[in-house]
Structure formats: structure tokens, C-alpha cells
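Okay, structure first, notes after.
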Amino acid sequence: RRQSNLKELRMEAARDGNLAAIRQTYPEGCDIEYLNRKDEDGRTALHWACANKPKAGQSHAECVAYLLERRANATTVDDGGWCPLLSAASSGNADIVKTLLDANAKVDFEEASSQCTALHLACSKGHTEVVKALIHAGANCRLMDGNNQTPLHRAAGTGRSRIVELLLSEGVDVNARDKEGNTALHLAMYEQQEESCVSLIRAGASTTIKNNEGETPLALAPDSFCEAVTPQSRELPREQARRK
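Numbers 1300 to 1543, taken from the working numbering, label the letters of the sequence shown in order.
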């Protein structure tokens, strides 16, 4: 029971970004196996330090740096298939992402069930600085997840227009299609994300490509929205676009 309580305290210190407690728990020269010991969900202290967005008075980035200096495993995977980099990217911790990448974390590591990468997660959640850090580290912007969605699909469908621009500047395939045959423009039009739609069309996104249901991007939004984002829509009404 005492061991269980100690483990909970270790994970709590990491989760809360409590650097003083982390230093006390994992002093210089501590056993590496002890440092990388996992909880009941397969998470290490490093996982927990990466998974939470810091609040006032918390020091998650410093905890991560300290744990890595003590030789915490930057590529360890929990029972859900997540490595620390995925956790940091999802929570928007750009400084931690950079620290992990400097410690040789795998930039294109894929989560087991969804096959999404850190870049997919950061794009979905709009973490622009994380996206920049991942791209700078050589992240593959064209990788598809389990639904054949690229990071561009993720960003466009959630209205992350700044990230859409960043990905387009990397020369991604603007007309890549997911398992349902949708392009990033299909998703952006369906969600009526105006800035993303304009950027995609300017980058050469097709307004006539059909998904598996035979729908073009223009078929997925009201006429008024189509007119706002592209002049072509005035010449190609939605019903005509669907039939073409």
C-alpha cells in the first residue's frame, strides 16, 4: 500500500508541474528503472508532466527537462498507445514539444489506434506554435491517419486558418482525399470555415472533385457561403456541382 501511495505522489507531482517535489522524488543519480516506472495506465512521470497545460505557479516544462536530464525515456508508450510527444502536442505545450524533440523523440510517431501523429493532434486543436516546432523538426505534413486524413484535413475542418496557411506553405497535397473521399475543402466548406476555404481555393483546391457520396465541396454549404468564398460558385450552383 505504501508503494502505491508513493507512486501516486510521484505522478501527482509530475501532473501538477511541481518541480520541487520532482527533484525530491527523483534526485541526481536515482535509478533509471525507478524513474521510468509506470502507473496502472502505463504512464510514467514524464507522460504526466507532458499532458497538462501549466497553470500559474506550475513548472511542467522545467519538470520535463529535469526528468529527461535524469534519463527519462522520451519514447515510452502508455497503454493507450500515447508517447509523451503526443501528450505534449495535444495539450499545446510548445516548449515541452521542443524539449522532447531535442531528446530524440520520434517526430512522426503514430498513435496505435488512430494512427495520428503529433502534427495531426496539434492541427486539430489549433496549437500553432506546436505545429511550427514540429514542422521545423521535420514532421511529415503529408502523413495520413487511420481515416486517411492529413494534417491539412484536421486543420481545415476545425477552422485553424493560420495552420492551414502553414501547411500549404509546406507544399502539401491540397486535394488529398480521406476514406470518405473528402478533401480538406470538403471539410472546410461543410463547417463553413471562410478563411480556410479561401486559402485552400487560392492554393488550387478543386471545387468540383466529388467525395464518395458524389458531393463536391460546393454542395456542402449554403449558396450564400459559396458565393462569399469563391467567384466560381456564382457560375456553378450547388446542384449543378453535385451532378457534374
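Cβ coordinates follow ideal geometry from the N, Cα and C atoms, glycine included.
In this text, all values refer to a predicted model and were calculated from it rather than measured experimentally.
For this session: Could you work out which residue in Asp1444, Ala1371, Ala1527 and Arg1453 is closest to glutamate 1327 when comparing CA atoms only?
Result: In the sequence shown, counting from the first residue as 1, residue 1327 sits at position 28. With distances taken between Cα atoms, glutamate 1327 lies closest to Ala1371.
Exercise. According to the neighbour-count rule (16 or more other Cβ atoms, all chains shown, within 10 Å of its Cβ), is cysteine 1440 buried or exposed?
Worked result: Along the sequence shown, read from residue 1 onward, the residue named residue 1440 stands at position 141. Buried, since its Cβ has 16 or more Cβ neighbours within 10 Å.
Exercise. Count the other CB atoms within 10 Å of the CB of tyrosine 1325; is the residue buried (16 or more) or exposed (fewer)?
Worked result: Within the sequence shown, residue 1325 is the residue found at index 26, counting from 1. Label assigned to tyrosine 1325: buried.
Exercise. Looking only at C-alpha atoms, which of Glu1464, Glu1490, Asp1407 and Leu1399 sits nearest to leucine 1366?
Worked result: Stepping through the sequence shown from its first residue, residue 1366 is reached at position 67. Of the candidates Glu1464, Glu1490, Asp1407 and Leu1399, the one whose C-alpha sits nearest the C-alpha of leucine 1366 is Leu1399.
Problem set entry | Option in Ala1373, Cys1415 and Gly1379 with minimal Cα separation from lysine 1397 | The count along the sequence shown starts at 1 and reaches residue 1397 at position 98. The shortest C-alpha separation from lysine 1397 is found at Ala1373.
For this session: From the DSSP output, in three-state form, read off arginine 1301 for me.
Result: Reading the sequence shown from its first residue, position 2 is the one you call residue 1301. A caution first: arginine 1301 carries a pLDDT of 41, below 50, which makes its placement in the model unreliable, though a value can still be read off. If DSSP states are grouped into helix, strand and coil, arginine 1301 belongs with the helices.
Exercise. For arginine 1464, which residues from the same chain have a beta carbon less than 7 Å from its beta carbon, with the 5 sequence-adjacent residues on both sides left out?
Worked result: The residue you call residue 1464 lines up with position 165 of the sequence shown. Here residue 1464 turns out to be glutamate, not arginine, going by the sequence shown. Here the set comprises Ser1498.
Exercise. How far does the alpha helix (DSSP H) with aspartate 1394 in it reach, from first residue to last?
Worked result: One-based indexing of the sequence shown puts residue 1394 at position 95. Start and end: 1393-1401.
Exercise. DSSP state of leucine 1433, grouped into three classes?
Worked result: Translated into the one-based positions of the sequence shown, residue 1433 becomes position 134. In the three-state scheme derived from DSSP, where H, G and I count as helix and E and B as strand, leucine 1433 is classed as helix.
Exercise. Where does glycine 1470 land, buried or exposed, given buried means 16+ other C-beta within 10 angstroms?
Worked result: Along the sequence shown, read from residue 1 onward, the residue named residue 1470 stands at position 171. Burial call: exposed.
Problem set entry | Outcome for glutamine 1492 when other beta-carbon atoms lying within 10 angstroms are tallied against a minimum of 16 | Residue numbering aside, residue 1492 sits at position 193 when the sequence shown is read from its first letter. Buried is the call here.
Problem set entry | Closer than 7 Å to chain D by CB, aspartate 1330 | Annotation note: the requested chain D is absent from the structure, which comprises a single protein chain.
Problem set entry | Collapsed DSSP secondary structure at cysteine 1544 in the structure displayed | Outside the displayed span of the chain (1300 to 1543) sits residue 1544, for which this structure offers no information.
For this session: Would you give the residue range spanned by the alpha helix (DSSP H) that serine 1498 belongs to?
Result: In the sequence shown, counting from the first residue as 1, residue 1498 sits at position 199. Where serine 1498 is concerned, the enclosing alpha helix (DSSP H) stretches over 1493-1501.
For this session: Compare the Cα-Cα distances from alanine 1432 to each of Gly1503, Leu1442, Ala1417 and Leu1451 and report the closest residue.
Result: Within the sequence shown, the letter at position 133 stands for residue 1432. If we check each option's Cα against that of alanine 1432, Ala1417 comes out closest.
Problem set entry | Of the listed residues Glu1494, Glu1332 and Gln1448, nearest to asparagine 1474 (C-alpha basis) | As a position in the sequence shown, residue 1474 is number 175, starting the count at 1. Closest by alpha carbon: Gln1448.
Problem set entry | Best match in His1485, Ile1508, Gly1391 and Gln1414 for proximity to glycine 1380 [C-alpha to C-alpha] | What you label residue 1380 is simply residue 81 of the sequence shown in a count that begins at 1. The shortest C-alpha separation from glycine 1380 is found at Gln1414.
Exercise. Comparing alpha-carbon positions, which option in Gly1445, His1452 and Ala1402 lies nearest alanine 1421?
Worked result: In the sequence shown, residue 1421 corresponds to position 122, counting from 1. Cα-wise, what sits closest to alanine 1421 is His1452.
Problem set entry | Cβ neighbour criterion (16 or more within 10 Å) applied to isoleucine 1331 | The count along the sequence shown starts at 1 and reaches residue 1331 at position 32. Isoleucine 1331 is exposed by the Cβ-count criterion.
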